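Its first residue numbered 2, the sequence shown is counted upward by one per residue in this note's numbering.
First up is the structure itself, then whatever we jot down about it.
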Amino acid sequence: MHHQSTDLPTSGVLLGKGQAPGKVILFGEHAVVYGRPALAVPVTQVRAEAFVEPAAPGEGLLLVAQDLREEIRFEGAPLHHPLVLAARLTLAKIGLTEPPPWRVVVRSSIPIASGLGSGAAVSTAIARALADAAGQPLSLSALSAIVYEVEVLHHGTPSGIDNSVICYEQPVYFVRGQPPRTFSIGRPFMLAIAYTGIPSPTRDAVADVRRAWERETARFDALFDRIAAIVQQAQSAITGGIPGSLGLLMDENHALLREIGVSAPALDVLADAARRAGAGGAKLSGAGRGGNLIALVTAETQEAVAAALRAAGAVDVIATSVGEPQR
Ligand code: PMV
2 MHHQSTDLPT SGVLLGKGQA PGKVILFGEH AVVYGRPALA VPVTQVRAEA
52 FVEPAAPGEG LLLVAQDLRE EIRFEGAPLH HPLVLAARLT LAKIGLTEPP
102 PWRVVVRSSI PIASGLGSGA AVSTAIARAL ADAAGQPLSL SALSAIVYEV
152 EVLHHGTPSG IDNSVICYEQ PVYFVRGQPP RTFSIGRPFM LAIAYTGIPS
202 PTRDAVADVR RAWERETARF DALFDRIAAI VQQAQSAITG GIPGSLGLLM
252 DENHALLREI GVSAPALDVL ADAARRAGAG GAKLSGAGRG GNLIALVTAE
302 TQEAVAAALR AAGAVDVIAT SVGEPQR
């Protein structure tokens, strides 16, 4: 996967542009749906980008998903198409009642349906590009609210963590219903993000956990409380500049997610392989069942861990550094 830069569009006239990073949840997924805190960070190695150019005469507003080779005419499009919804909410927010005659081209290097937030990043890039073209930049909270609404379409009852970390492009300590808080990173650390190749069905996993919580509320609340305690310890370790202690916390969080029922054989195999190859710890990240595993690595261990993850079945491994200065 390569970072793509926003080139000038084919027409040579750039009216506006926008972009957004991917994200990964470090600690606290699932428990965050039940009011416990979670930590997430942007993954800047992968990005979604959108640019706006004038449409050809008669085209009206056109949304072009370059990677999917999909072109959608805004007028007459199904209202609930995610790209159309992102555009519609943005135009309403900036007060454009008539769709402008623009061609909005979007592309992304974020793997789709992999738990890296590709949907939220694509919505963010489109909203930013439209607002930029209209000369009316959106506040971060307005942008995040638009992206949240599009996420509701995908996931039903998202906690709001994806839109927050992706729009703010900062590490986020997130509690549902509260404004996101950013936190400082005392010392940068590295993660290997391994994709199982199994699409991560966020909506289904969240619904299954809810049914299990309804059956065994006290047991699940106790598991969520233990995850919340790990989140607090992890935040102190990150801010205090002792990321080495995150490994054990990742292992503990993974074990609790297994108890909750959202791990999968493929994730457990990858976690073991990463630990054996020298990772400080490993856990699933996001909805689970498939999706991603994250492993704590260093400059010394990252190659061996990435090779072990691939050998154990990962279809893609991204190395990311958390807390390095933004480009
Ligand atoms: O798979 P992702 O990265 O979309 O993460 C889902 C995280 C959950 O906590 C399971 C759900 C949510 O909305 O926070």
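Cβ coordinates follow ideal geometry from the N, Cα and C atoms, glycine included.
Note that this is a predicted model, so its numbers are computed, not measured.
Sort the options by Cα distance to residue i and report the nearest one.
i    : options                   : result
L154 : A130, V25, S124 and P172  : S124
R108 : Q67, H81, P83 and R129    : Q67
G19  : F175, D205, V105 and A235 : V105
S160 : A208, A195, P138 and R188 : A208
V34  : E260, S201 and F221       : F221
A132 : I26, G13, F52 and H156    : F52
V298 : G292, A308, E76 and P38   : A308
P102 : L15, I95, G59 and A88     : G59
T240 : A272, T183 and L294       : T183
R89  : L117, A130 and A114       : A130
Q171 : A41, A32 and G13          : A41
A193 : R259, I73, I319 and V14   : I319
L15  : V25, D252, D205 and G136  : G136
A350 : L139, R204 and A235       : Summary: the structure shown does not reach residue 350, with the chain confined to residues 2 through 328, and so no result is reported for it.
V47  : R74, L80, F75 and S110    : S110
L247 : D269, L97 and K284        : K284
A1   : A235, T218 and G17        : Residue numbering for the chain in the displayed model covers 2 to 328; residue 1 lies beyond these limits and cannot be assessed.
G187 : P202, Q179 and A238       : A238
E253 : I243, A267, P266 and F225 : F225
Kindly identify the DSSP beta-bridge partner or partners of residue i.
i    : result
D317 : Y196
M191 : V298 and S322
F52  : K18 and V106
R182 : Y174
R74  : L63
V44  : G23
I94  : According to the sequence displayed, residue 94 carries Lys and not Ile. In DSSP, K94 forms no bridge with anything.
A39  : F175
S286 : N293
Return yes when the C-beta of residue i is under 6 Å from any heavy atom of the ligand PMV, and no when it is not.
i    : result
T91  : no
T203 : yes
I111 : no
A288 : yes
P83  : no
I231 : no
E150 : no
S160 : yes
V33  : yes
V207 : yes
G157 : no
G178 : no
E30  : yes
Skipping 5 residues on each side, what residues in its chain have a beta carbon closer than 7 Å to that of residue i?
i    : result
N164 : A121, S145, V148, Y149 and E152
P83  : G120, S124, V151, L154 and H155
P189 : S322, V323, G324 and E325
R227 : L257
A235 : L27, F28, L40, L247 and L250
P38  : G29, Y174, F175, V176, A229 and V232
A245 : Looking at the sequence itself, residue 245 is Gly, so the reference to Ala does not match. Closer than 7 Å at the Cβ level, and outside the excluded window around G245, lie G281.
In chain order, what residues of the same chain lie with their CB nearer than 6 Å to the CB of residue i, ignoring the 5 residues before and after it?
i    : result
A21  : A49, A122, T125, A126 and I167
A56  : L63, P102, W103 and R104
A128 : A87, T91, L144 and I147
A332 : Residue coverage of the chain in this structure runs from 2 to 328, which leaves residue 332 outside it and unanswerable.
V316 : Y196 and G198
Say the cut is 6 Å; is the CB of residue i nearer than that to a heavy atom of the ligand COA?
i    : result
G116 : Although the ligand COA was asked about, the structure shown includes only the ligand PMV as ligands.
If I measure Cβ to Cβ from residue i and keep anything under 8 Å in the same chain, skipping five residues before and after, which residues do I get?
i    : result
Q303 : M191, A193 and A320
A213 : F221, I261 and G262
L310 : A193, A195, L271, A274, A275, A278, L294, A296 and V318
L141 : C168 and Y169
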